[in-house]
Amino acid sequence: MPDRTSRPFRLGVAGPVGTGKSTLIATLCRTLSAELQMAVVTNDIYTDEDARLLRAAEVLPVERIKAVETGACPHTAIRDDVTANLLAVEDLEAAFAPLDLIVVESGGDNLTATFSPALVDAQIFCLDVAGGGDVARKGGPGIERADLLIVNKTDLAPHVEVDVDQMVADASAVRGGLPVLALSRRDAEAVTRLGEWVRGVVGAYRDGRHVAHDPGPMAPHSHAHR
Ligand SMILES: Nc1nc2c(ncn2[C@@H]2O[C@H](COP(=O)(O)OP(=O)(O)OP(=O)(O)O)[C@@H](O)[C@H]2O)c(=O)[nH]1
Ligand SMILES: [Mg+2]
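Residue numbering for the sequence shown is 1 to 226, as defined by UniProt numbering.
Quick look at the structure:
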């Protein structure tokens with residue numbers, strides 16, 4: 001068994017608009033970039049706002065953060081036609097070889113968008129407590145089958161009257177044993193657990209134990225024609 005595969009591990013971060021995906025990625029960079037060689041690809045519909053946010057936070061050298069402007073519904077670029085994202089990932093891999101970890105942030109979408117396993121090796125789905133405690137019960141491919149589900153911004157729970165333990169229990173019930181992590185950027189212990197999960201999955205990938213799986217497609221829907 002090889003002790004590492006020939007390319008870096010690719011980790012996707014998806015979830016509804018504003019649930020804290022970019023902040024989570026910044027936290028991951030701060031936690032892991034001393035031990036893992038990292039780069040980031042962001043997806044926005046019309047801007048490179050998220051890439052600029054991460055560059056401004058100085059969590060990685062600016063050249064290691066690349067923006068893909070999808071120009072369309074976010075799931076299109078992370079699932080239906082991943083070409084632009086794959087090119088961005090491969091550019092980073094070539095420019096900064098050898099990298100250990102590339103994190104791809106999806107544009108904020110609804111509850112249904114997930115990454116294609118052709119683009120990422122594992123994916124995190126990010127909810128936040130401000131979206132309502134009942135969201136976790138509503139299911140969908142990301143909530144039910146992403147490799148890790150984050151219940152984010154737990155520091156806000158008292159202000160929005162959400163019971164975090166109940167939300168985690170509801171999420172765990174629909175996930176059949178897959179992990180759920182309650183997170184806040186202000187919760188050092190939870191940030192440590194997030195770092196440990198990523199270390200674990202990167203380690204499993206390197207020694208050939210990680211198998212990428214597909215959370216499944218979003219529900220059928222159509223886009224209005226202009
Ligand atoms: N209170 C609190 N606010 C947070 C936390 N994480 C992120 N935020 C705030 O939530 C807002 C959205 O965070 P982002 O990280 O930009 O969220 P995002 O999911 O990347 O947003 P889009 O890319 O636009 O979908 C910002 O105002 C953040 O400061 C957290 O743990 N606690
Ligand atoms: Mg973002």
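Here a beta-carbon is modelled for each residue, glycine too, at the ideal position from N, C-alpha and C.
For Leu111, the three-state secondary structure derived from DSSP is coil. Excluding its 5 nearest sequence neighbours in each direction, Ile25 has C-beta neighbours in its own chain below 7 Å: Val13, Val40, Leu54, Val103, Glu105, listed in chain order. Boundaries of the alpha helix (DSSP H) harbouring Val174: 164 to 175, taken from the DSSP string. Assignment of Asp147 by DSSP, reduced to helix, strand and coil, places it in the coil class. Short note on Asp155: C-beta closer than 7 Å to some heavy atom of ligand 1. Looking at Thr70, Lys153, Ala97, the one whose alpha-carbon comes closest to that of Asn85 is Thr70. If only complete runs of 4 or more residues are kept, the segment 70 to 113 shows the alpha helix (DSSP H) at 83 to 95, in order along the chain. A Cβ closer than 5 Å to some heavy atom of ligand 2 marks a residue here, and those residues are Lys21, Ser22, Asp50.
Sixteen is the threshold: since fewer than 16 other Cβ atoms of the shown chains lie within 10 Å of the Cβ of Leu87, the residue is exposed. Secondary structure in the segment 11 to 44: the beta strand (DSSP E) runs of 3 residues or longer, each lying completely within the stretch, are 38 to 44 in chain order. In the structure shown, the three-state DSSP call for Asp155 is helix. Counting other Cβ atoms within 10 Å of its Cβ, Lys138 stays below 16 and is therefore classed as exposed.
Counting the other CB atoms within 10 Å of its CB gives Arg145 a total of 16 or more, which places it among the buried residues. DSSP, reduced to helix, strand and coil, places Leu119 outside both helices and strands of the structure shown, so it counts as coil.
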